[in-house]
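Worksheet: the structure to be examined is printed underneath.
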Amino acid sequence: MSYRYALAGNPNCGKTTLFNAVTGSNQYVGNWPGVTVEKKEGKVIGSETDASIVDLPGIYSLSPYSMEEIVTRNYLIDEKPDLIINIVDATNLERNLYLSLQIAELGRPMVIALNMVDMLEKRGDTIDYPLLSALLGITIVPISASRGTGIHKLIHAAEHEVIHATSNTHLDRHCNLGDPPDLYTGAVRQAVKLIEDLIRDNCKEHDLPLRWSAVKLIEGDAPTLEKLNLSDTQLSCLESIVRELETDHIDREMVIADQKYRFICSVTQKAVKKGHEDGHLTVSDRVDQIVTNRYLAIPLFFAIMGLVFYITFGALGPRLSDLVGGFINGTLADAVRGLLTGIGAADWATGLVCDGIIAGLGAVLAFLPQILLLFFFLSILEDSGYMARAAFIMDRALHVIGLSGKSFVPMLMGFGCSVPAVMSSRTLENEKDRRLTIMLIPFMSCSAKMPIYSLFIAAFFSASRGLAVCSIYLLGVVVAILCAFLLQKTVLKGGHAPFVMELPPYRLPTAKTLSLHVWEKLKDFLTKAGTVLLGASVVVWALQYFNFSFQHVQDSSQSILGLIGTAIAPLFRPLGFGDWQSSVSLLSGLIAREQVVSSLGILYGTSGAGLAAALQAVYTPASAYAFMTFALLFIPCIAAVTTIRREMNSRKWTLIALSFQAVVAYFVTFVVYQLGRLVMLVF
Numbered sequence: 004m005s006y007r008y009a010l011a012g013n014p015n016c017g018k019t020t021l022f023n024a025v026t027g028s029n030q031y032v033g034n035w036p037g038v039t040v041e042k043k044e045g046k047v048i049g050s051e052t053d054a055s056i057v058d059l060p061g062i063y064s065l066s067p068y069s070m071e072e073i074v075t076r077n078y079l080i081d082e083k084p085d086l087i088i089n090i091v092d093a094t095n096l097e098r099n100l101y102l103s104l105q106i107a108e109l110g111r112p113m114v115i116a117l118n119m120v121d122m123l124e125k126r127g128d129t130i131d132y133p134l135l136s137a138l139l140g141i142t143i144v145p146i147s148a149s150r151g152t153g154i155h156k157l158i159h160a161a162e163h164e165v166i167h168a169t170s171n172t173h174l175d176r177h178c179n180l181g182d183p184p185d186l187y188t189g190a191v192r193q194a195v196k197l198i199e200d201l202i203r204d205n206c207k208e209h210d211l212p213l214r215w216s217a218v219k220l221i222e223g224d225a226p227t228l229e230k231l232n233l234s235d236t237q238l239s240c241l242e243s244i245v246r247e248l249e250t251d252h253i254d255r256e257m258v259i260a261d262q263k264y265r266f267i268c269s270v271t272q273k274a275v276k277k278g279h280e281d282g283h284l285t286v287s288d289r290v291d292q293i294v295t296n297r298y299l300a301i302p303l304f305f306a307i308m309g310l311v312f313y314i315t316f317g318a319l320g321p322r323l324s325d326l327v328g329g330f331i332n333g334t335l336a337d338a339v340r341g342l343l344t345g346i347g348a349a350d351w352a353t354g355l356v357c358d359g360i361i362a363g364l365g366a367v368l369a370f371l372p373q374i375l376l377l378f379f380f381l382s383i384l385e386d387s388g389y390m391a392r393a394a395f396i397m398d399r400a401l402h403v404i405g406l407s408g409k410s411f412v413p414m415l416m417g418f419g420c421s422v423p424a425v426m427s428s429r430t431l432e433n434e435k436d437r438r439l440t441i442m443l444i445p446f447m448s449c450s451a452k453m454p455i456y457s458l459f460i461a462a463f464f465s466a467s468r469g470l471a472v473c474s475i476y477l478l479g480v481v482v483a484i485l486c487a488f489l490l491q492k493t494v495l496k497g498g499h500a501p502f503v504m505e506l507p508p509y510r511l512p513t514a515k516t517l518s519l520h521v522w523e524k525l526k527d528f529l530t531k532a533g534t535v536l537l538g539a540s541v542v543v544w545a546l547q548y549f550n551f552s553f554q555h556v557q558d559s560s561q562s563i564l565g566l567i568g569t570a571i572a573p574l575f576r577p578l579g580f581g582d583w584q585s586s587v588s589l590l591s592g593l594i595a596r597e598q599v600v601s602s603l604g605i606l607y608g609t610s611g612a613g614l615a616a617a618l619q620a621v622y623t624p625a626s627a628y629a630f631m632t633f634a635l636l637f638i639p640c641i642a643a644v645t646t647i648r649r650e651m652n653s654r655k656w657t658l659i660a661l662s663f664q665a666v667v668a669y670f671v672t673f674v675v676y677q678l679g680r681l682v683m684l685v686f
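Going by my numbering, the first residue of the sequence shown is number 4, and it counts up by one from there.
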């Protein structure tokens, strides 16, 4: 028999790490139907049963406020998984258990995976696991997802629970309702019981959990009320019960929260023994006194990112890229050309393979070491907990320009890839903030633009690689800030939602986690190289090989691509790069930004150091920097454009966003080029 598990928990509690540990590489990543929230599924490894698991979005409660909460809530209620694995951060037990109690009220079989127990023990705290399990009435398994300890016990406990489960709610079956006090007491408990009696038949008819429905009706949950389809008489009775409850207590939603937290406090006081007095500063607290200091935080952030860029683009990355590029453009290309010549292959076939595929893909693959280095360091910063601090310290700066602090997280993701960054804007409740964030994300320098920077910086700014790459990344941020100020003063006026986020404790990233993150990025890059970039390289080669009569031309400027490039080149001449090769390579970047370098490699017939030398004969330092600026700010790739259209849910706003990006890119590049020329004249 096969079983379906659901993995639910708060953000930053190690849920993704546990999911990877439970499924290994046997997982599928997609989107939830009708929304763009990522959906992960996988087969449970090491299980004696045929079990699959779904990684639900990280949430703090099952209230339907954000898209993540709606997705998780709907899955748990409508899909009714055979078992729910609730992962809980042992170092932050009180807050995490609030979601646990909500899940328990659904009445589904449930196991709590108490994660980060190793960190809890390091700070001197201890938990009586059997007592905690007895008080909650839920099976608890202590684990450390990052170290892989307790995973097999968790899988075994899940199997045991799902096989022997009944349909009764865990709290009703197991909780000791005497001491500590029951979850709901006094008037609240009485109100819950009255509402349960009132809606019992409706819950059976619509297949909804009784306790859950009663509690949500007290909270005024509209989706639950709609699903139950109560009669007018029932609605009148419900309002009477709630009004009486509000007479003696605070508002209806806070009544439930107050009772739950009171119960949680009672449970933790009995089951948790702290190794230090209240007010004791942990290591994370001491580090945060420096990292989040109002005077040191931002300079420290730029210093850290500067060091990352220096190693990636200055000290180590270029040397590794030269080795890879030399092998592809030299040893591999010569060997393949010799092989094809030896077997008598046609000239066009040799040209396609060597000058099209190898030169095109080689121009991009040469920068693979730098891409991996950047993702390696960013994974360290993210897994350690520093990136959450980066979002926190930027909140004040964003408020100055009228942007919500919540926008920083999607914009930060934009340094990796614009597609998931735009998708993550769904977490912003305010429509104005969401549209503004989507319009600004493409100005962030995604990883696909990195080969462009690496190529031009190696050719023109080798003496100051770190400074050059920092400046181009910073330029994107500055442009985004200025555009945010402009837009929120004109077409996107209005207030913004407050920014509340959790700062996870600092953790030492494990080699396994880092390697998994880097491998995922490497796999995505190689997949794109083997599909999109390969196909685009073949098309670019064919267009520069044939004329409109489909005859081979020796002078590529007379080819199909050359004639198209010559026609549009005047548009780019004021920006410093008016040759046809530059024009068509930039347009090919709409397919994928990496294709810009591939196209240049094909059009100049070389890659690596040879391509850098070819560019030095065409560009000046000012025009080279202008080219990088335009590639940074121009309309993103087609995948990002499609995502923007879907998230905007408006053709009008999509056209506004793309037009705005094109105008900004042209204007800023023009200014950069003219300033660059002026500097060159003066110095």
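C-beta atoms are modelled at their ideal positions from N, C-alpha and C, and glycine is treated no differently.
Cα separation between residue i and residue j?
i           : j           : result
residue 667 : residue 574 : 15 Å
residue 642 : residue 422 : 7 Å
residue 240 : residue 233 : 10 Å
residue 194 : residue 429 : 36 Å
residue 383 : residue 517 : 7 Å
residue 145 : residue 117 : 5 Å
residue 52  : residue 631 : 54 Å
residue 129 : residue 284 : 17 Å
residue 683 : residue 673 : 15 Å
residue 664 : residue 351 : 39 Å
residue 55  : residue 269 : 35 Å
residue 459 : residue 345 : 36 Å
residue 256 : residue 90  : 25 Å
residue 216 : residue 397 : 40 Å
residue 443 : residue 85  : 42 Å
residue 228 : residue 587 : 58 Å
residue 457 : residue 399 : 33 Å
residue 209 : residue 138 : 31 Å
residue 12  : residue 99  : 8 Å
Under a three-way DSSP split, which group does residue i fall into?
i           : result
residue 510 : coil
residue 167 : coil
residue 560 : helix
residue 551 : coil
residue 1   : No answer is possible for residue 1: the residues shown for the chain start at 4 and end at 686.
residue 424 : helix
residue 44  : strand
residue 147 : strand
residue 198 : helix
residue 595 : coil
residue 5   : strand
residue 653 : coil
residue 338 : helix
residue 621 : coil
residue 95  : helix
Report the residue from the options whose alpha carbon sits nearest the alpha carbon of residue i.
i           : options            : result
residue 333 : 442, 393, 614      : 614
residue 447 : 410, 469, 460, 467 : 410
residue 97  : 264, 477, 678, 220 : 264
residue 314 : 406, 367, 473      : 473
residue 135 : 152, 126, 114      : 114
residue 93  : 235, 479, 576, 271 : 271
residue 522 : 570, 578, 27       : 27
So, are the CB atoms of residue i and residue j less than 7 Å apart?
i           : j           : result
residue 266 : residue 186 : yes
residue 585 : residue 543 : no
residue 547 : residue 519 : no
residue 625 : residue 680 : yes
residue 579 : residue 476 : no
residue 577 : residue 386 : no
residue 647 : residue 441 : yes
Inter-stretch contact at 8 Å, needing at least 3 Cβ pairs: the segment 447 to 454 / the segment 294 to 302: The segment 447 to 454 vs the segment 294 to 302: no contact.
Contact between the segment 661 to 675 and the segment 634 to 647 (3+ Cβ pairs under 8 Å): yes
The segment 549 to 561 touching the segment 588 to 603, judged by at least three CB pairs closer than 8 Å: no
Inter-stretch contact (C-beta, 8 Å, three-pair minimum) for the segment 10 to 19 and the segment 53 to 72: yes
Segment contact flag, the segment 327 to 344 with the segment 525 to 540, C-beta cutoff 8 Å, min 3 pairs: Contact fails: fewer than three Cβ-Cβ distances are below 8 Å.
Segment contact flag, the segment 302 to 317 with the segment 154 to 165, C-beta cutoff 8 Å, min 3 pairs: no
Inter-stretch contact (C-beta, 8 Å, three-pair minimum) for the segment 320 to 330 and the segment 371 to 379: yes
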